[in-house]
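For reference, the structure is listed below as structure tokens.
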Amino acid sequence: MAEVSKSMQRRVAIASLIGTTIEFYDFYIYGIAAALVFSKIFFPSLDPVVGTIAAFATFAVGFVSRPLGAVVFGHFGDRIGRKAMLVASLVTMGIATVAIGLLPTYESIGIAAPVLLCLLRFMQGIGLGGEWGGAALVATEFAPKGRRGLFGALPQLGSAPGFLLSNGIFLGLSLFLSDEQFMSWGWRIPFLLSTVLIVFGLYIRLSIAETPVFQRVLDKEVQSSAPIVSVLKTNSLQVVLGGMSTAITYVLFFTTGTFGLSYGVKTLGLERSHMLSLTMVAVIAMAASTLVCGMLGDRYGRPRVIIISALVAIVWSFFFFPMLDTGNSWLIALAMSITLAVMGGVYGPMGAFLPELFKPSLRYTGAALAYSLGGIFGGALAPIIATELAATYGSHSIGYYLAAMAVLSIVCVMILSQRMPKDFGEVADSAIGSSAADRSAHSAASAN
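For the sequence shown, the residue numbers in our numbering are 1399 to 1846.
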């Protein structure tokens, strides 16, 4: 296998982080707009609760289309290469995001407005469905031995700055624009700003090389002619259980960052800018937890770290909304921060755990599809289920939902940890100068 320089590995690490930051920024600004704006400008004739659910339903469309993106981009990612699909997925996502910023409202074109909104959200989901798999594979397949968890956590870490950037822009708009200006045209600015980020992201991604692991697949000519068929024939259990194991991360995140935002503004009566500020504080805790737990996965094994984090989630689920309902800013910030820190404990190690479930020739399709199914199991339904549970049974009932999803994650990870392939397709030791300690840590992680 060709040697990989440390400078290339650093470039890949930066590209993985920056690329997913841009993609998650695009995805999250939609979630914020759905919570704050879309029910009024795209579904104005509906009851407020029904309008909120309808807006969150368009949010869910992006998760439903993710598996299609995983299949399409995964096919070519396993046939042609990882790098090309990273570029293609970024362009797909970017076009959809900018188009949403230019979309006429219901008042202008009637029912065509929400229909077009759903179509563009569907396109966003296709882009992100291909994006994550490519970013995770580029990071982990370039990773030095003993540091795959750290490198795999970098694409996951991109969700935090993406969220901070999206929230920060909405917060700035809320502070400097009147409500009338914000609802009229201000909400479009975050979507249009994506143009600048996309150009920057393309520059970064075009500078990296194809992964050495995939190059070995090309050299041995072991590609599948139909990766999705091969994955479903040989790894369908890994796909389904992998998706269900990661669903808790989506549930915790979007219950906090999307439903929690809407709940704080519309139910608790807090200022939009205030809730955005509290959410941004919580995301910093998530970023720290994501990175730390990704590294802990290298030392103690990814399944172990994920299971312990999910156990904490079970207990914590019953404290989150009672603290939120106090209306106290300090307690709300603490509740959100702990929730997202727990989420990061599962999410960080998942960046390496899911790719490790599949052999190199099917890894893009398999890992991307599992991750995308997790979005459906968790992210697509979480804001809708939380809204319905709170309206019907009270906010405390959401805790049972969160705890049940954490239990599901634990069961799935325990099963999957016994079915992981032995050969990930490592970068040669001589190419990275890995230490004996690194190799020892890698062996311990593999054993788990």
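Backbone N, C-alpha and C define an ideal beta-carbon position, used for all residues, glycine too. Just so you know, these numbers come straight off a predicted model, no measurement behind them.
- Runs of the alpha helix (DSSP H) spanning 4 or more residues and lying entirely within the stretch 1764-1809 occur at 1780-1791, in chain order.
- In chain order, I1782 place their CB closer than 8 Å to the CB of A1455, counting only its own chain and leaving out the 5 sequence neighbours on each side.
- For T1495, same chain residues with a beta-carbon under 6 Å away, outside a window of 5 residues either side, are D1424, F1589 and S1592 in chain order.
- With a threshold of 16 other beta carbon atoms within 10 Å, T1419 meets it and is buried.
- Across the set G1746, R1817 and G1773, the C-alpha of G1773 shows the shortest separation from the C-alpha of F1652.
- Between L1573 and V1681, the gap from beta carbon to beta carbon reaches 8 Å or more.
- Remark: three or more beta-carbon pairs, one from each stretch, lie closer than 8 Å, so the stretch 1686-1703 and the stretch 1544-1555 are flagged as touching.
- Distances from the alpha-carbon of S1405 to those of L1659, L1738, K1757 and A1607 put A1607 closest.
- R1408 and G1527 have their alpha carbons spaced roughly 25 Å apart.
- Annotation note: the stretch 1681-1757 contains the following uninterrupted alpha helix (DSSP H) runs of length 4 or greater, listed N- to C-terminal: 1700-1722 and 1727-1751.
- Rounded to whole angstroms, M1741 and R1817 show a C-alpha spacing of 24 Å.
- Of the residues assessed, E1421 falls on the buried side of the cut-off, its CB having 16 or more other CB atoms within 10 angstroms.
- Counting C-beta pairs with one atom in each stretch, the stretch 1639-1657 and the stretch 1514-1527 have fewer than three that are closer than 8 Å, which means they do not touch.
- By the Cβ neighbour-count rule, L1635 is exposed, with fewer than 16 other Cβ atoms within 10 Å of its own.
- Between L1676 and I1712, the gap from beta carbon to beta carbon reaches 8 Å or more.
- L1752 and L1814 have their C-alpha atoms some 10 Å from each other.
- Looking from the CA of L1535, the closest CA among E1669, L1666, L1755 and I1430 belongs to L1755.
- In this model, S1735 and A1683 are separated by some 6 Å (Cα to Cα).
- Taking 8 Å as the cut-off, the Cβ atoms of G1544 and R1700 do not count as close.
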